[in-house]
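Numbering (this note's numbering), first residue to last: 5 to 138.
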């Protein structure tokens, strides 16, 4: 198989490069260096032909009652290969094995119709997500 999903986080440089390639909001190197080690769990996708990290996703949270899936990105040159699904499957496997019963798992859905296949539901109108950028 050309791509391998690994239970590991990207380097800060890989993290920044993948977010940039996927046209996601930028993060500073300082923020990434501080934040990545605090991840609960993460995966990368490595291209077996080049050894390049071409995908990533991670879980953040308190490791008990609240988890958030985030920073899911696949380099555009490697999209449409099922890599996002493979990463989500691994993240969900981790949560099923490690998250206590009743734990709350959330995410910001930026791809219409993708996360529903993994059991996620929109919170509106019962609640609405909010954010503030520092």
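Ideal Cβ placement from N, Cα and C applies to all residues, glycine included. Values in this document were obtained by computation on a predicted structure and should not be read as measured data.
Using only alpha-carbon positions, find the residue among 87, 79, 104 and 36 that is nearest to residue 10.
87
Measuring only the C-alpha atoms, how far is residue 119 from residue 21?
24 Å
Does DSSP put residue 25 in a helix, a strand or coil?
helix
CB of residue 84 within 8 Å of CB of residue 47, strictly:
no
Report the option in 50, 28, 27 and 6 whose CA atom is closest to the CA atom of residue 15.
50
With a Cβ-Cβ cutoff of 8 Å, do residue 6 and residue 53 count as a contact?
yes
Whose C-beta lies closer than 8 Å to the C-beta of residue 30 among residues of the same chain, with five residues either side of it excluded?
20, 23 and 24
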